[in-house]
Structures are given as C-alpha cells and as structure tokens.
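Chemist: Pasting a structure here, questions to come.
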Amino acid sequence: MNPDVRTRFETEFAPRIAARVLGLYQPGEVRVDVVPHDGQGSPTCVDVIGLTSTVGLPNRLNARLAWRDDAIDALLAEPDRSRFDRYLAALPVTIERWQMELPVDFSTRTQRDREILIGDLEFDA
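Just so it is clear: in the sequence shown, position 10 is 10 by UniProt numbering, and no numbers are missing.
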C-alpha cells in the first residue's frame with residue numbers, strides 16, 4: 001500500500017472507526033485503540049478490548065479489526081466520503097453479523113478465544 005494512503009487511513013479514517021465503536025458502549029466498558037502499521041507487514045488495525053464483561057463466552061473481548069489493503073485504497077480514492085459515512089452508520093449491523101459468524105459477543109464483551117482477528121474487512125454498508 002502507498003505510504004501516503006496508509007498514513008491518511010491511520011490519521012483520518014481509523015480514528016473515526018474507533019470512535020464509532022467506542023460510542024456503542026457505556027464509559028468504562030471497552031477500550032478502543034488505533035494500532036498503526038508497524039512497517040513489517042502488520043496492517044493498521046483497531047483493537048477493541050473489553051474492560052468489563054457480563055455472563056457470556058469464556059474470555060473477555062479482545063478483538064482486532066483489520067481492513068483489506070485494496071478496500072482501503074478504493075475507499076480513499078473516492079472523493080466523496082458518503083460511502084465511509086454509510087459504513088460508520090452501519091457498524092452496529094456489521095458487528096451483529098460478525099457475532100453470527102464468529103465466536104465473539106460484543107454485547108457481553110466476551111469471546112471464545114483469548115484473541116480474535118476480524119480481518120479482510122471491506123467498507124460495505
């Protein structure tokens with residue numbers, strides 16, 4: 001990925017995703033961080049860490065969200081941000097879909113495994 005595109009995603013888009021996810025919770029329930037590209041093949045990610053949990057799966061929420069490079073390239077090539085705004089608006093539905101497909105429960109802030117990578121994500125709303 002072009003370094004300028006990566007930097008722009010890290011500074012303009014990933015923080016908005018993190019803020020949107022954080023806004024789905026009450027204060028103190030989760031920590032959401034943007035994890036920058038490390039220069040050694042790891043992409044820019046958003047980590048969602050449960051600080052509290054309720055009865056659910058065995059481990060506290062520890063999910064890493066990562067988007068496909070080509071999806072980031074395509075998103076940032078668009079001059080209109082309406083697609084990204086629709087993606088942000090649809091995140092609660094997207095999270096529901098992840099929960100149906102993966103051993104993770106964002107509502108109880110629990111998951112089956114100690115860590116989970118939700119990768120190869122795109123920006124479809």
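Ideal Cβ positions, reconstructed from N, Cα and C, are used throughout, including at glycine.
Given the structure is predicted, the values throughout are model-derived calculations rather than measurements.
1. So Ala125 is in the beta strand (DSSP E); what residue range does that whole segment cover?
2. Please classify Ala89 as buried or exposed, where buried requires at least 16 neighbouring CB atoms within 10 angstroms.
3. Go ahead and label Ala19 buried or exposed: buried means 16 or more other beta carbons lie within 10 angstroms of its beta carbon, across all protein chains shown.
4. In the DSSP assignment, find the alpha helix (DSSP H) that holds Arg86 and state where it starts and stops.
5. So what does DSSP say about Arg68, is it helix, strand or coil?
6. Would you list the one or two residues that DSSP bridges to Arg31?
7. Between Leu24 and Pro92, what straight-line distance do the alpha-carbon atoms span, to the nearest angstrom?
8. Taking the beta carbon of Asp105 as the centre, do at least 16 other beta carbons fall within 10 Å, making it buried, or is it exposed?
9. Using a Cβ-Cβ cut-off of 8 Å (strictly less than) and excluding sequence neighbours within five positions of Pro103, which residues of its own chain qualify?
Modeler: So, to answer that:
1. Taking the first residue of the sequence shown as position 1, residue 125 is located at position 125. No beta strand (DSSP E) holds Ala125; DSSP gives it neither H nor E.
2. Your numbering for residue 89 matches position 89 in the sequence shown. For Ala89, the number of other beta carbons within 10 angstroms of its own is below 16, and it is reported as exposed.
3. To locate residue 19, count along the sequence shown from 1; it is residue 19. Flag for Ala19 reads exposed.
4. Along the sequence shown, one-based indexing puts residue 86 at 86. Going by DSSP, Arg86 is part of the alpha helix (DSSP H) stretching over Ser82 to Glu101.
5. For the purposes of this step, residue 68 is taken as residue 68 along the sequence shown, with counting starting at 1. It is coil, neither helix nor strand.
6. Position 31 of the sequence shown, counted from the first residue, corresponds to residue 31. Secondary-structure assignment with DSSP links Arg31 through a beta bridge to Ile49.
7. Along the sequence shown, one-based indexing puts residue 24 at 24. Along the sequence shown, one-based indexing puts residue 92 at 92. Put simply, the backbone Cα of Leu24 is about 8 Å away from that of Pro92.
8. Position 105 of the sequence shown, counting from 1, holds the residue named residue 105. Residue environment for Asp105: buried (at least 16 other C-beta atoms within 10 angstroms of its C-beta).
9. If you number the sequence shown from 1, residue 103 lands on position 103. The beta carbon of Pro103 sits closer than 8 Å to those of Leu57, Gln111, Arg112, Asp113 and Ile116, all from its chain and outside the five residues before and after it, given in chain order.
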